[in-house]
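The structure appears right after this line, and notes come after that.
2 protein chains.
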Amino acid sequence: MSSAVDSRQALLEAAEQLYAARGLEGVSMRDIAAAAGHRNNSAVQYHFGSREGLLRAIFRFRMRTINEVRRAYLDNVVGAGREGDVRALVEAEIRPLTEFLAETPDGSYYARFLARVSPSVDFTLPELSEVQGAGREIVQRLIGALGHLPRRVALTRIDLMFNMIISALALVEQRRAEGRPQLSSLDDTVDHLIDMAVGALLADRTGAS
Amino acid sequence: MSSAVDSRQALLEAAEQLYAARGLEGVSMRDIAAAAGHRNNSAVQYHFGSREGLLRAIFRFRMRTINEVRRAYLDNVVGAGREGDVRALVEAEIRPLTEFLAETPDGSYYARFLARVSPSVDFTLPELSEVQGAGREIVQRLIGALGHLPRRVALTRIDLMFNMIISALALVEQRRAEGRPQLSSLDDTVDHLIDMAVGALLADRTGAS
């Protein structure tokens with residue numbers, strides 16, 4: 001691996017970690033360069049052009065892999081004729097993310113990064129949407145599987161549900177990083193979250209439109 | 001109001017706002033003193049003793065009011081004989097918080113403060129537990145209302161559910177503060193969240209223990 005590629009990768013990982021801990025406003029380009037071992041404060045600008053370019057690069061780096069795993073899950077769901085099964089679709093969305101967290105118990109930051117940074121990022125940009133194909137198909141199939149709900153209600157529930165799951169995973173990740181007690185193991189928490197997400201999507205509807 | 005009380009209150013509000021935006025690690029005592037108009041960097045230490053004392057004071061300030069509103073909701077629920085009604089109990093927990101957010105549309109920070117700071121705070125400290133009486137009773141009554149689930153499963157679901165709702169409200173608050181488009185109004189989002197929370201608590205259970 002060339003030194004330029006190493007250098008770029010070190011900046012991505014340092015930035016993910018700092019943004020996960022402090023959020024967008026608490027981190028400067030100088031902090032990131034220093035954490036990645038650069039004496040040169042313009043390293044971020046050299047590799048990514050701007051903070052927005054850096055953020056997009058972090059998302060692309062993580063989402064490319066997660067999108068591929070989602071695609072494999074989704075192909076299995078559709079191949080088994082379960083494309084109307086809310087639980088199977090929720091698992092296809094969530095498990096690729098939770099498997100990534102489970103595989104990096106000593107140092108995952110991505111759940112917290114997602115929870116803190118996603119609200120300020122425009123995911124409709126072409127370079128981000130190209131690594132979200134499977135996730136978007138899952139949402140469309142979930143809307144279909146929730147055909148008893150008005151489309152707008154289904155979309156709002158799906159949006160809230162995914163945001164809530166990411167927040168819950170960020171909390172698990174943070175408690176794990178701080179060595180704080182957890183009510184459940186990561187595996188059990190994921191099973192609970194999937195049960196709860198299915199219940200939440202299929203819940204009786206009162207007034208909300 | 002005396003100047004010392006004003007000064008203390010200004011520090012509380014400045015700290016809540018800064019922690020909401022940047023999290024614990026992104027804010028120094030100096031930042032808080034400056035934001036509250038102090039030239040003296042030891043203002044936080046003078047009023048609160050330490051960062052931990054400041055955090056507890058912020059929670060006490062907000063939770064005292066929210067706890068009283070929860071108590072009123074809970075008294076109504078029990079008075080109407082609905083103490084086994086999951087939806088009524090969820091509303092008693094959530095609406096006092098969402099009413100507070102609805103009443104301060106131009107500048108609420110408490111949902112984000114809760115979402116960012118709660119994971120690092122010990123709520124079993126006596127001075128915090130004394131303003132949580134209604135919330136704790138709601139949790140105990142919810143466990144009773146979920147009597148078909150093992151107590152440990154019920155507790156985990158309740159913990160995850162409340163954390164997820166706070167995260168969702170923090171996201172609404174952030175999008176509102178940034179002037180970003182929302183899928184739903186705050187009122188509709190709250191109705192959706194309550195429907196989803198009830199569905200999540202009452203969801204079919206698979207393997208998770």
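Respectively, the protein sequence lines represent chains A and L.
FYI, the numbering for the first sequence is 1 to 209, going by the UniProt record's numbering.
FYI, the numbering for the second sequence is 1 to 209, going by the UniProt record's numbering.
Cβ coordinates follow ideal geometry from the N, Cα and C atoms, glycine included.
Keep in mind that this is a model prediction, so the values were computed, not measured.
Any chain L beta carbon closer than 7 angstroms to residue i
i, result
"residue 182(A)", "no"
"residue 199(A)", "yes"
"residue 35(A)", "no"
"residue 51(A)", "no"
"residue 148(A)", "no"
Residue i at chain A interface by Cβ criterion, 7 angstroms
i, result
"residue 167(L)", "yes"
"residue 114(L)", "no"
"residue 132(L)", "no"
"residue 22(L)", "yes"
"residue 192(L)", "yes"
"residue 26(L)", "yes"
Alpha carbon of residue i to alpha carbon of residue j, nearest angstrom
i, j, result
"residue 149(A)", "residue 196(L)", "13 angstroms"
"residue 188(L)", "residue 86(L)", "20 angstroms"
"residue 49(A)", "residue 79(A)", "42 angstroms"
"residue 131(L)", "residue 59(L)", "9 angstroms"
"residue 73(L)", "residue 14(A)", "46 angstroms"
"residue 121(A)", "residue 25(A)", "13 angstroms"
"residue 145(L)", "residue 135(L)", "15 angstroms"
"residue 165(A)", "residue 156(A)", "14 angstroms"
"residue 201(A)", "residue 167(L)", "17 angstroms"
"residue 191(A)", "residue 30(A)", "40 angstroms"
"residue 137(A)", "residue 205(A)", "25 angstroms"
"residue 44(A)", "residue 125(L)", "43 angstroms"
"residue 56(L)", "residue 153(L)", "29 angstroms"
"residue 99(L)", "residue 38(L)", "32 angstroms"
"residue 176(A)", "residue 83(A)", "34 angstroms"
"residue 51(A)", "residue 127(A)", "15 angstroms"
"residue 66(L)", "residue 94(L)", "10 angstroms"
"residue 1(L)", "residue 10(L)", "A caution first: residue 1(L) carries a pLDDT of 46, below 50, which makes its placement in the model unreliable, though a value can still be read off. Their Cα atoms are separated by approximately 12 angstroms."
"residue 47(L)", "residue 173(A)", "33 angstroms"
"residue 129(A)", "residue 63(A)", "10 angstroms"
"residue 68(A)", "residue 178(A)", "31 angstroms"
"residue 160(L)", "residue 4(A)", "42 angstroms"
"residue 42(L)", "residue 34(L)", "10 angstroms"
"residue 40(L)", "residue 123(L)", "30 angstroms"
"residue 8(L)", "residue 140(A)", "51 angstroms"
"residue 104(A)", "residue 107(L)", "38 angstroms"
"residue 6(A)", "residue 115(A)", "26 angstroms"
Beta-carbon spacing of residue i, residue j below 7 angstroms
i, j, result
"residue 36(A)", "residue 70(A)", "no"
"residue 113(L)", "residue 19(L)", "yes"
"residue 233(A)", "residue 77(L)", "Nothing about residue 233(A) can be reported from this structure: the residues present for chain A run from 1 to 209 only."
"residue 142(A)", "residue 158(A)", "yes"
"residue 23(A)", "residue 23(L)", "yes"
"residue 88(L)", "residue 101(L)", "no"
"residue 109(A)", "residue 182(A)", "no"
"residue 90(L)", "residue 194(L)", "yes"
"residue 119(L)", "residue 186(A)", "no"
"residue 97(A)", "residue 61(A)", "no"
Where residue i meets chain A, residues with beta-carbon distance less than 8 angstroms
i, result
"residue 16(L)", "Chain A residues near residue 16(L): none, gap ~15 angstroms exceeds 8 angstroms."
"residue 161(L)", "196"
Within chain A, the residues that residue i reaches when beta carbons sit closer than 7 angstroms
i, result
"residue 203(L)", "195, 196, 198, 199"
"residue 206(L)", "191, 195"
Chain L residues whose Cβ lies nearer than 7 angstroms to that of residue i
i, result
"residue 164(A)", "164, 167, 168"
"residue 119(A)", "171, 174, 175"
"residue 157(A)", "192, 196"
CB contact check: residue i to chain B, cutoff 7 angstroms
i, result
"residue 189(A)", "Looking at the structure shown, chain B is missing, and the protein chains on hand are A and L."
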